[in-house]
Structures are given as C-alpha cells and as structure tokens.
Amino acid sequence: MMIDVHRADLTERVVLVDPNDQELGTAPKLAVHVEGRLHRAFSVFVFDAAGNLLLQQRAAGKYHSGGLWSNTCCGHPRPGEPTDVAAHRRLQEEMGFDCPLQPAFGFLYRSDVNGGLIEHEYDHVLVGRFDGTPAPNPQEVDDWRWVNLDVAITDLATHPRRYSAWFPIALEKLCAAWAVPQAQK
C-alpha cells in the first residue's frame, strides 16, 4: 500500500517513551511507525446513557488502518501537550464533539499494521459519556455507529480483521477493569 503523502502530515512529531511512559524525546510520526519505536498514544471510548459504545470507521485514506472500525477516537499527544488535552483535541477534530473524559488505564502493545508500518505504543485509555449526534470530519472518519457492547465483542470475535490492531486489546482491558459505564436499568 502506498502512503498518501498529501493526506499524512509527515512533519508531525510524536513523543518517544520508555516502557514506563517516561519521555525520551520526539521523532517524526511516520519514521516512528516505520521503525516501530515506542511512543505515547491515547484511545478514547465514549458511551451513551444506555451503555452503547461509539465506534468510528477510520477514513480509507488514512496512512494506516484506513477503513477499519475502531474506538471513538485515538491519536498522539504533541510534544509538550498533556495526554488529556490531546484526547479532547482529537475527539473534536475527528468526531466533531467533546465531552468529559476520565483516564482508565494505560497499556503497551506492538502490532504490524499495513504498508510495512508498526504500531508500538504506550496507549492511555480514556472513557467518556456523550448522548448527542457526532459530526465527524470526513477526512478522518468514513462512518460511525453506536453499538451495544456485547454486540461489539461478538462482532470483534467473529470478524477481527474489520477492526484496528489496538481496539481489541484496549476493549478487553477496559471490560476487565470494569471501567465500562453500565447501562441504566
């Protein structure tokens, strides 16, 4: 797969970290993903009052994992930008809304994605609640849907290739930590 250099910001820098999430410096985002260097990231999971999870389908033109379904939004803090500030920024940039977010946990993972790229991240998971209608940016998101958590877990088990590499790991850890909002009964 060829990377669309017109769509990917090749000058953006990400924060390099050690396995304890201690900063080591910065490097260009694309180079980090080519080399598989450990860097800081975040994944946002937004639920509605009924406990449904908001999923997004990543835009097909993204430089990796395009067209795959994933959590509500994700990204990388900019150098000097706190992770929670970056999560709110990307939630607005990708999904067209913002909501309160609570940190849930962090985890390490490494996975080959497409085009010879590697995700190797210390991923901070944040959870929020939103009961409105997203207004996603079409350069970031091809589609979105609210889904019952049990349905998401079943579909993920049945069709894992429809989802981003980090989504099943983060979702499993989120469910295990009981950080998932429960439906109102």
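Quick note on numbering: the sequence shown equals residues 1116 to 1300 in this note's numbering. Note that beta-carbon positions come from the ideal geometry of N, C-alpha and C, so glycine has one too. Model, not experiment: these values are computed from the prediction.
Beta-carbon proximity of residue i to residue j, cut-off 7 Å
i            : j            : result
residue 1274 : residue 1157 : no
residue 1179 : residue 1228 : yes
residue 1262 : residue 1168 : yes
residue 1145 : residue 1132 : no
residue 1174 : residue 1257 : yes
residue 1282 : residue 1135 : no
Exposure label - residue i; buried when at least 16 CB within 10 Å
i            : result
residue 1251 : buried
residue 1219 : buried
residue 1159 : buried
residue 1190 : buried
residue 1269 : exposed
residue 1171 : buried
residue 1139 : exposed
residue 1290 : exposed
residue 1225 : exposed
residue 1266 : exposed
residue 1209 : buried
residue 1285 : buried
residue 1197 : exposed
residue 1127 : exposed
Nearest candidate by alpha-carbon position, reference residue i, set the options
i            : options                   : result
residue 1288 : 1173, 1260, 1221 and 1142 : 1221
residue 1216 : 1208, 1200 and 1230       : 1200
residue 1236 : 1214, 1194, 1147 and 1283 : 1147
residue 1137 : 1195, 1163, 1246 and 1143 : 1195
residue 1143 : 1192, 1164 and 1163       : 1192
residue 1230 : 1271, 1213 and 1151       : 1151
residue 1254 : 1232, 1155 and 1211       : 1211
residue 1165 : 1264, 1155 and 1249       : 1264
Where residue i falls: helix, strand or coil (DSSP)
i            : result
residue 1184 : strand
residue 1108 : Given that the chain is displayed from residue 1116 to residue 1300, the structure contains no residue 1108 and the question cannot be resolved.
residue 1153 : coil
residue 1174 : coil
residue 1146 : helix
N- and C-terminal bounds of the beta strand (DSSP E) containing residue i
i            : result
residue 1250 : Element bounds for residue 1250: n/a, residue is neither H nor E.
residue 1240 : 1233-1244
residue 1129 : 1128-1132
residue 1196 : No beta strand (DSSP E) holds residue 1196; DSSP gives it neither H nor E.
residue 1143 : 1138-1143
residue 1165 : It is not in any beta strand (DSSP E) - residue 1165 carries neither H nor E in the DSSP assignment.
N- and C-terminal bounds of the alpha helix (DSSP H) containing residue i
i            : result
residue 1283 : 1281-1291
residue 1270 : 1264-1273
Below-7 Å beta-carbon distance, residue i vs any chain B residue
i            : result
residue 1139 : Absent from the structure is chain B; it holds one protein chain and no more.
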